[in-house]
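2 protein chains.
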Amino acid sequence: MKTSNKAARTRHSLDQVSELTTNRLSVYLRCLNLLDAAGTRTVSSQALADQFHLNAAQIRKDLAYFGEFGVRGVGYYVRDLTRHLRQILGLDRRLRVAIMGAGNLGLALADYPGFRQEGFAIAALFDNLREKVGQQSRGGVPIHDIHDLRKVARREGISIAVIAVPAESAQHVLDLVVASGIKAVLNFSPGTLEIPPGVKLKSVDLTVSLESLSFYLARGDVDGV
Amino acid sequence: MKTSNKAARTRHSLDQVSELTTNRLSVYLRCLNLLDAAGTRTVSSQALADQFHLNAAQIRKDLAYFGEFGVRGVGYYVRDLTRHLRQILGLDRRLRVAIMGAGNLGLALADYPGFRQEGFAIAALFDNLREKVGQQSRGGVPIHDIHDLRKVARREGISIAVIAVPAESAQHVLDLVVASGIKAVLNFSPGTLEIPPGVKLKSVDLTVSLESLSFYLARGDVDGV
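Protein chains in written order, with the working numbering: chain R, 1 to 225; chain Z, 1001 to 1225.
Next comes the structure, spelled out in structure tokens:
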């Protein structure tokens, strides 16, 4: 009974974890990596907040969702917390990623150093242009024929697809990805997509980032900053 | 007295507007563009929420920061609200953008269709490789020598720079950007940067998006999704 209550509570709190929280966990993980590289062994939520311009109360609240990681009077052990965060984010197994589209964006993403650092393996690029198939990215990611997606995805154990094709092909490519059994998709294509049930799609809208800068520039005019 | 109170209140509420709010305003704008393209003239917050999987109360709250745009019994006039949102986000003047780095990522960003659609003009690419300078992106954005940044930025009226260079050059390039008088920077380089005062820098960490998918995949194992 106690166990099932605990399981229910864990599931309940996981359901409440918003994308904003997981984004913050990613940021904490990045900060901890820097601390570890600098030889820091323990850190308090306040010191973490001060050093990286974060919010100490928010850090404590976010981590409390997942258990008690802090030690009174010490703070957090950097390596322990890193390991816990990597587990929570599912990074303790090396996820394999395919990139759909070997244009400039796809090739840039295939060799993006941040992915590899955090333990993602970019295993394959896919394109439909005959002159690209059989080539590879500068970093050595092979470009496959998109018609071989299902076969290659199974062989390579791909669990995440990144869509980096022009907007007019995005829906077709998403349908191919889903048909191949991949359940998690990161989409860089602007415009809306029909997402089949059981698939988690996250869109990166680069325009939103520019508009946030535009807002600050417009506000700067008012405030004389 | 009334006017100065109102000005103070406006400035106060602008200060409180978080990046999350401006990101949501960008999303609303994108939805309104789709409605307008489909010939829809008015929309209620509830219909907007239902159609695009948003939160009606949040929409009303976000828009209320900036004034009363809704009409009782009608909802929002799509074109009026679009115009207001574009003003709030500073998109009513065409901001000119420079991209630092004409590698795969820089070239992909230079021709990214979403930027142009929302009224940003990608005016220039910069690189330090002799074989790239004088060339242009597929979409026709010219590649300049990074040594000419200050001159070209002034001539072209650049107000936003996008950093798309390898991590090891990012700080140096940011310093050049700031020295050229550009005050808003969108950074795609992983790693930390020293940001001079008076400069607004927004970093796009593509790894965070992948980690959020990783979290959902890890959770899927638990729930059997």
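Virtual Cβ for every residue (Gly too), placed ideally from N, Cα, C. Note that the coordinates shown come from a computational prediction; the quantities given were computed from them, not determined experimentally.
- Taking 7 Å as the CB threshold, R/T40 stays off the interface with chain Z.
- According to the DSSP assignment, R/L89 belongs to no beta strand (DSSP E), since it is labelled neither H nor E.
- DSSP places R/K61 in the helix class (H, G or I) of the three-state scheme.
- At least one CB of chain Z lies nearer than 7 Å to the CB of R/Y216.
- In the three-state DSSP reduction, Z/Y1076 falls in the strand class (E or B).
- Against chain Z, the beta carbon of R/T207 has neighbours under 9 Å at S1026, R1030, Y1112, G1114, F1115, Q1117, E1118, F1120, listed in chain order.
- Bounds of any beta strand (DSSP E) do not take in Z/V1152; it lies within the alpha helix (DSSP H) bounded by 1149-1156.
- Interface residue (Cβ-Cβ distance to chain Z less than 7 Å): R/V204 is classified as such.
- Look at the stretch 179-202 of chain R: the residues with a C-beta under 8 Å from a C-beta of chain Z are K183, A184, V185, L186, P190, T192, G198, K200, K202.
- Along the stretch 1097-1109 of chain Z, the positions whose C-beta sits under 9 Å from a C-beta of chain R are V1097, G1103, N1104, L1105, G1106, L1107, A1108, L1109, read in chain order.
- Beta-bridge partners assigned by DSSP to R/D145: R/D127.
- Between the stretch 1076-1094 of chain Z and the stretch 1132-1151 of chain Z, the count of Cβ pairs shorter than 8 Å is below three; the stretches do not touch.
- In its chain, beyond the 5 residues on either side, L1095, R1096, V1097, A1098, F1120, I1182, A1184, V1185, L1186 have a beta carbon closer than 8 Å to the beta carbon of Z/I1160.
- Between the alpha carbons of Z/V1173 and R/L105 lies a distance of about 21 Å.
- Listed by position along chain Z, the residues whose Cβ is nearer than 9 Å to that of R/I160 are L1210, L1213, S1214, L1217.
- Separation of Z/V1078 and Z/A1049 (C-alpha to C-alpha, rounded to the nearest whole angstrom) is 14 Å.
- Contact between Z/S1045 and Z/G1067 is ruled out by a C-beta separation of about 15 Å, above the 8 Å threshold.
- Taking a contact as a CB-CB distance under 8 Å, the pair R/T21 and R/D62 counts as one, their CB atoms being some 6 Å apart.
- When the five nearest sequence neighbours on each side are left out, the beta carbons in the same chain lying within less than 8 Å of the beta carbon of R/R116 are those of I122, in order along the chain.
- Residues are counted here when their Cβ sits less than 9 Å from a Cβ of chain R; for the stretch 1086-1097 of chain Z these are Q1087, I1088, L1089, G1090, L1091, D1092, R1093, L1095, V1097, given in chain order.
- Taking a beta-carbon distance threshold of 7 Å, Z/N1033 does not count as an interface residue toward chain R.
- Annotation: Z/C1031 to Z/A1108 spans about 24 Å, alpha carbon to alpha carbon.
- Where R/S203 is concerned, the enclosing beta strand (DSSP E) starts and stops at 200-203.
- By a beta-carbon distance limit of 8 Å, Z/K1202 contacts R/S209. Their separation comes to about 6 Å.
- Put simply, the backbone Cα of R/A64 is about 20 Å away from that of R/N33.
- Its chain contains V1178 as the residues whose beta carbon lies nearer than 7 Å to that of Z/P1196, once the 5 sequence neighbours on both sides are disregarded; these appear in chain order.
- Taking a beta-carbon distance threshold of 7 Å, Z/T1082 does not count as an interface residue toward chain R.
- Chain R places no beta carbon closer than 7 Å to that of Z/E1156, leaving this residue out of the contacts.
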